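Convert by adding 628 to the 1-based position in the sequence shown; the result is the number in my numbering.
Glycine included, each C-beta is placed from N, C-alpha and C at the ideal position.
All values derive from a computational prediction rather than experimental measurement.
The structure appears below as structure tokens.
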Amino acid sequence: DANADFGVVALKYQDLMMVPSTQLQPAMNHSIYSTSKTNLPTVSRQGRSVTLSGAFKNNGSLNSSDDEITMGYLPNWARPSKPYNQVNQGSGMNRFNLMIRPDGSINWRRYGTSSYATVPAGSWLNISCTFQAGDLRG
């Protein structure tokens, strides 16, 4: 209905923020997969919409399990208000659960095709996703 009453609408400056593509930092035991435009891990923000792209890699062989492994960190302005999860593509036909946490950690777990697999050093851990940012915290 074009005449719907939505009441009072209030925008915060955070709803209008625009932050250009910014390189992300890897966590311990991980590094940037490559500095190419398609694999450099970056984050950008337009309004509340946060976009991650690129990939990290694990520096050593890891056993995939149900435990979360941190591969990188988000700046304060890019953090969600609640956990965000999605299945992402890994090296070859492998998939993994990508988890973005309100504390800014970019985590992963459950790497494999139909069961947990050993993750060889240097595996491609794609972080491409879009989610909504929470309010900035001090």
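Point to revise | Residue nearest to residue 711 in terms of C-alpha spacing, selected from 756, 704 and 727 | key: 727
Review point. Roughly how many angstroms separate the alpha carbons of residue 671 and residue 692, rounded to a whole number?
Key: Using only the alpha carbons, I get a separation of about 26 Å.
Review point. Would DSSP call residue 761 helix, strand or coil?
Key: strand
Check your understanding: Can you tell which of 716, 713 and 731 has its C-alpha closest to the C-alpha of residue 704?
Key -> 731
Review point. Near residue 707, which residues of its chain fall below 7 Å by C-beta distance, leaving aside the five closest residues on each side in sequence?
Key: These residues qualify, in order along the chain: 730, 732, 761 and 762.
Check your understanding: If you drop the 5 nearest sequence neighbours on each side, which residues of the same chain put their C-beta closer than 8 Å to that of residue 737?
Key -> Answer for residue 737: 692, 693, 694, 695, 696, 697, 724, 725 and 727, listed in chain order.
Exercise for review: Report the residue from 753, 717 and 650 whose alpha carbon sits nearest the alpha carbon of residue 674.
Suggested key: 650
Check your understanding: For the putative contact between residue 713 and residue 741, defined by C-beta atoms under 8 Å, what is the C-beta separation to the nearest angstrom?
Key -> That belief does not hold up - the Cβ atoms of residue 713 and residue 741 are roughly 19 Å apart, past 8 Å.
Point to revise | Beta carbon of residue 661 nearer than 9 Å to that of residue 634 | key: no
**Study point:** CA-to-CA distance, residue 699 to residue 735, given in whole angstroms
**Key:** The alpha-carbon atoms of residue 735 and residue 699 are separated by roughly 6 Å.
Review point. How many Å lie between residue 640 and residue 748 at the Cα?
Key: 45 Å
**Study point:** Own chain, CB closer than 6 Å to residue 773, minus 5 neighbours either side, in chain order
**Key:** For residue 773 there is no data in the structure shown, the boundaries of the chain being 629 and 766.
Practice item. Please name the residue in 676, 668 and 664 whose C-alpha comes closest to that of residue 647. Key: 676
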